[in-house]
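Take a look at the structure below.
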Amino acid sequence: MSQRWSNLLVWAGTIAFVVLVSKTAWAGHSIDGTSLTNLVVLSLPLAGIIAMAASGLVVVYTTTGIFNFAQGAIGMFMAYVDWELTVHHGLPQLLVLPLVVVVVAPLLGIALDRAIMRHLQGKALVVQLSVTVGLMFAFIGLANMLWNQNNAHSMPALFAGHGFHIGQVLLTWHRFITIVVAVALAIGLRILLFRTRIGIAMRAVVDNRDLAALGGARSSVLSSFAWALGCSLAALAGILLAPETADMSTTTLTFLIITAFAAAVVGRLRSLPLTYIGALILALATQWSGSFLRFSERWTNVPDALPTIMLFVVLLLLPRAEIQFARIGQIRRVERVSSVRDTAIGMLALLIFIVVLSTFFLSNTDTTNLSRFALGMCTALVALSLVPLTGWAGQVSLAPLAFAGIGAVAYARLGGAHGSIWAVFLAALVTVPVGALFAFPAMRLQGLYLALATLAFAAMVEEIFYSQPFAIGAGERAVEPVHLLGIDFTSKRAFLILVTVVFGLCGIGIVALRRSAFGRRLVALRDSEAASVTVGVNVLETKLAVFALSAGIAGFAGAFFAMNARTLNGPTGFEMIAGLPIVLALVIGGVGFVAGALFAGIFGLFLILVQSDWHISLWIGLTYLAPGLAVLGIIQSPSGAVVPIGEGFARLLPWRHDARREYEEMTAAAAEPEVGVLGLERPFEESDVLLVDRELGISNDVPRAVAAARSG
Amino acid sequence: MGLLEIEEVSVQFGGLLAVDDASLSVPAGRVTGLIGPNGAGKTTLFNVITGLQAPSGGRVMLDGEEVTRRRPYRRARLGIARTFQRLEAFGSLTARENVLVALEMRRRWATTRYDCGKIADELLERVGIARVADTRVEALPTGSARLVELARALATEPKVLLLDEPSSGLDEQETDALGVLLHELTTGGLAVLLVEHDMPLVMEACSYISVLDFGRVIARGTPREIQADPSVQRAYLGTTKAAS
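Top to bottom, those sequences are chains U and R. Numbering follows numbering that gives the first Met the number 0, in which position 534 of the first sequence is assigned residue number 533; successive positions increment by one, without gaps. Numbering follows numbering that gives the first Met the number 0, in which position 37 of the second sequence is assigned residue number 36; successive positions increment by one, without gaps.
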């Protein structure tokens, strides 16, 4: 489909949606000068806050190439630091606000850059995203630990909420200051980026990092500066937003960021003026729906979904990405493709382990633990859906749990209420076309934008889908486990074993798929789209297939989620935020591996156990903090934890001579410096010349002779 | 008339005319050379032929049929294959798997059935990298990775093969072998368009050469004619007009 037609379609769809929603939800207020003035006056402060958060995103992204999911969480955390100092310790805001924004936040930014972000340069997108998502969880967890969320926190507005009237509406000094600060920032950032040395260098880095480095721009200083500035902007947005929320909920403050994402994408993550315009449009739309529309019943959550709907629409309107050439210098580690036989043996071992565990160590009368293990296995199955999609084809999806949710509902609606085996497959079948639809935006959107589109999709499913009467509606839906071969799996132990068998079979199937023509084609597409098309690969067809496959597996997994839960209740268990740790855990485990998916399941189980059994607030914080801390593992081993674990294990097996030899070769190779960065990061020496010569296949004798002649 | 005809193709990037009204004919059974200084527009022209870059004007004809608006994968299926100057091998796959991907695609539209594994091994043998068949390509030296790309391109059984500096990264022996291979391929009826900086190879292998400079074809002829052409010498040696 050509750009023009697809844009037309998106615009038409958007306008139809807006008109339809406005018509059905119209609250009956008249539109006149007063109400419109109110709308604008109420929108501007919100727009200012969104713009600040979004500008921080843009500054960091353009300078360092990293999209910071944690931007909102950092703002939230800084707002709590501010609360601690002003409300708890009684220091004046006039002193604390500059301290937090100009000192604490930038220091945090520099620390983040030095400790974490710098190590992410050149890593796969899904790794970069996972790290900042993990960081987001870490900040939420840390805040929950330090500031007990059972106690209400509230931050007074600046000047105690006094203000002045414009027409009938009160504009508080707090909001007035918010607007002024936003405008001042716009001017300040413009001057910074266009008139100062460091700003110009930052813009140069956007265009070509290596070239800028050769031109003398010190990218390490620039990235620290960008992170410092980004965190400052986050802090400012967080502190100004906090008094506007009822109770300073950590998640509410954090998820302002979704709105900021939408604004930043309007500016294509580059343009600050467009980002400001995006923020204004978003704020106006939010206020419009708040002032003029009333949503009820199945549409109750539409206002909450507005930012994600807008994010989705803006993404669809982006211009089509060019065909991607391979990124030079992106060396990945050895990625062993397991054999089907080895996988089958592994899965059998897993099954025996689960059978023994559930028979001898988990009581069948207290079904809680059995149920948790089953949930862990379902999680592994959902994670498995990303292995072909994200691990092989390199298409980052943050919505696997949303597809599982759709599958769960489909199971409940299509025979799962009485445990029909067909319903399991229908659940997969229903999600397949939904997933396949994603291939179309995936043709136009590359990398990060696609990931954001899936995130928006997950949020929209959460807010809008489950409340529809045809899905779950306001009540609950009861579900029975399947009846198969005369067994009903109502016993939790039998069900756990069933899910383990299902995971094992799917895992073996996935490994077989990786070794098939289709699997190779997916990896080829990820490695070089340009080369793939020139050998005749139809990209759309391939993406359709892999998105459909992934959604199908997730939907299938969803049916088992439903069976394990027994009742479906709104989006419970399938929320967008619950899906992110699965992606994160899969990346930690190894996104291209079936074992990585199993790792994600075990990780999920661990979090469930921590959350429910250790009734200490510290550990409850850990449910967020653990994924965050695990991020450090990703930096250590970007291919995933299962790679070193698997290699280490294989070396211990007496018959695996190949594994031991490979290890020796890898160790030897790791001792050699990388040629690609020589001269940029340290001086070029004689030994490097030899290295380059070997890399280029030039005979070793020539430079040696030269060296000999020189020394002689 | 050539099997592949490029007719008055232009490519504009913003204000820069990367290819300016270039015409080229690539006949079957011969190696046609395309030379020119860096930045002359050779790779851009390759991208136009394979469909990775839309031209701002002109036509690309394959076997008498216009393919200018065809998608890249369609052109591949019609018989255009290429290698890349900046490596575009499938780095995380082995050399053998690289070739298999192309063979397995080819099998979907080929009329005859064949054993992909066997042909993959034959192709790797033919370009001379059978010994690294099971090594992941990103671990291979540049020269070998180029040969993987060549084997992969041949796997699509092309009518026209575009080679973008295939000899860079190869040692002398490998370059000689490449020359022999090119000769074999054209004897079988393949049309080859060769972009190359290794002049001995170009002069040896090509029967006809076009010279591109600043996006324009400034000379065409046999190797002997090209070597004698003053405008070519100017383009390469950078003699200014005032001096000449």
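Glycine included, each C-beta is placed from N, C-alpha and C at the ideal position.
Closest Cα partner of residue i within the set the options
| i | options | result |
| --- | --- | --- |
| U/S222 | U/A236, U/I238, U/V204, U/L235 | U/V204 |
| R/T244 | R/V191, R/Q232, R/V216, R/G214 | Missing from the structure shown is residue 244 of chain R; chain R here goes from 0 to 243 and no further. |
| U/L444 | U/L539, U/S490, U/L383 | U/L539 |
| R/A53 | R/C115, R/T31, R/V25, R/V8 | R/V8 |
| U/G639 | U/S21, U/L93, U/H87, U/V130 | U/V130 |
| R/L3 | R/V47, R/G142, R/L153 | R/V47 |
| R/G13 | R/L184, R/S55, R/D228 | R/S55 |
| R/R29 | R/L193, R/I217, R/A94, R/R215 | R/L193 |
| R/E224 | R/I5, R/G32, R/V179 | R/G32 |
| U/W25 | U/A236, U/G89, U/R293 | U/R293 |
| R/R58 | R/L51, R/T67, R/G50 | R/T67 |
| U/S54 | U/L271, U/L524, U/G508 | U/L271 |
| U/N568 | U/I601, U/V478, U/A599 | U/V478 |
| U/I48 | U/L107, U/G74, U/G535, U/E528 | U/G74 |
| U/H152 | U/L93, U/L90, U/W82 | U/W82 |
| U/A594 | U/M575, U/S636, U/V642 | U/V642 |
| U/V168 | U/W421, U/S290, U/G187 | U/S290 |
| U/M459 | U/T63, U/A629, U/G237, U/W298 | U/W298 |
| R/G168 | R/T185, R/R145, R/G188, R/P157 | R/R145 |
| U/H411 | U/V20, U/R492, U/Y465 | According to the sequence displayed, residue 411 of chain U carries Ala and not His. Taking only the C-alpha atoms, the option nearest U/A411 is U/Y465. |
Where the beta strand (DSSP E) containing residue i begins and where it ends
| i | result |
| --- | --- |
| R/D20 | 15-25 |
| U/Y275 | No beta strand (DSSP E) holds U/Y275; the alpha helix (DSSP H) holding it covers 271-291. |
| U/Q445 | Careful: U/Q445 lies outside any beta strand (DSSP E) and carries neither H nor E. |
| U/H164 | 162-165 |
| U/I463 | From DSSP, U/I463 is part of no beta strand (DSSP E); its letter is neither H nor E. |
| R/I217 | 215-220 |
| R/R81 | 79-81 |
| R/A190 | 190-194 |
Alpha carbon of residue i to alpha carbon of residue j, nearest angstrom
| i | j | result |
| --- | --- | --- |
| U/A259 | U/V80 | 22 Å |
| R/D20 | R/R130 | 44 Å |
| U/L8 | U/W146 | 47 Å |
| R/L181 | R/G63 | 24 Å |
| U/Q70 | R/I34 | 51 Å |
| U/L397 | U/L98 | 36 Å |
| U/N537 | R/Y72 | 6 Å |
| R/V210 | R/R219 | 6 Å |
| R/V100 | U/G588 | 28 Å |
| U/L157 | U/H164 | 17 Å |
| U/V545 | U/A427 | 14 Å |
| U/D526 | U/A470 | 39 Å |
| R/N97 | R/E148 | 8 Å |
| U/A278 | U/I256 | 12 Å |
| U/P155 | U/N143 | 20 Å |
| U/A159 | U/L128 | 39 Å |
| U/T378 | U/L606 | 12 Å |
| U/I65 | U/A233 | 15 Å |
| U/L543 | U/A455 | 20 Å |
| U/P387 | U/L521 | 8 Å |
| U/H161 | U/V58 | 33 Å |
| R/V159 | R/L200 | 19 Å |
Any non-hydrogen atom of the ligand NAP closer than 6 Å to residue i Cβ
| i | result |
| --- | --- |
| U/A547 | The ligand NAP is not part of this structure, which contains no ligands at all. |
Unbroken alpha helix (DSSP H) run spanning residue i, endpoints
| i | result |
| --- | --- |
| U/I115 | Careful: U/I115 lies outside any alpha helix (DSSP H) and carries neither H nor E. |
| R/M60 | Premise fails: R/M60 lies in the beta strand (DSSP E), 56-61, not in any alpha helix (DSSP H). |
| U/T253 | 249-253 |
| U/S636 | Taken as a continuous stretch (DSSP letters only), U/S636 belongs to no alpha helix (DSSP H), as it is neither H nor E. |
| U/V180 | 172-194 |
| U/T62 | 32-63 |
| U/V408 | 399-412 |
**Report entry** Completely contained beta strand (DSSP E) runs for the stretch 342-375 of chain U, where each covers 3 or more residues
**Finding:** none
I want to know whether the stretch 549-565 of chain U touches the stretch 159-175 of chain R - three or more CB-CB distances under 8 Å. no
field: beta strand (DSSP E) runs contained entirely in the stretch 99-185 of chain R, provided each spans 3 or more residues
entry: 159-163
Query - At least three beta-carbon pairs within less than 8 Å, the stretch 561-568 of chain U to the stretch 345-360 of chain U - result: no
Would the stretch 434-453 of chain U and the stretch 304-321 of chain U be scored as touching if the rule is three or more Cβ pairs under 8 Å? yes
Practice prompt. Report yes or no: do the stretch 481-501 of chain U and the stretch 567-586 of chain U share at least 3 C-beta pairs separated by less than 8 Å?
Written response: no
Flag this pair as touching only if the stretch 119-133 of chain R and the stretch 152-159 of chain R have three or more C-beta atom pairs under 8 Å; answer yes or no.
yes
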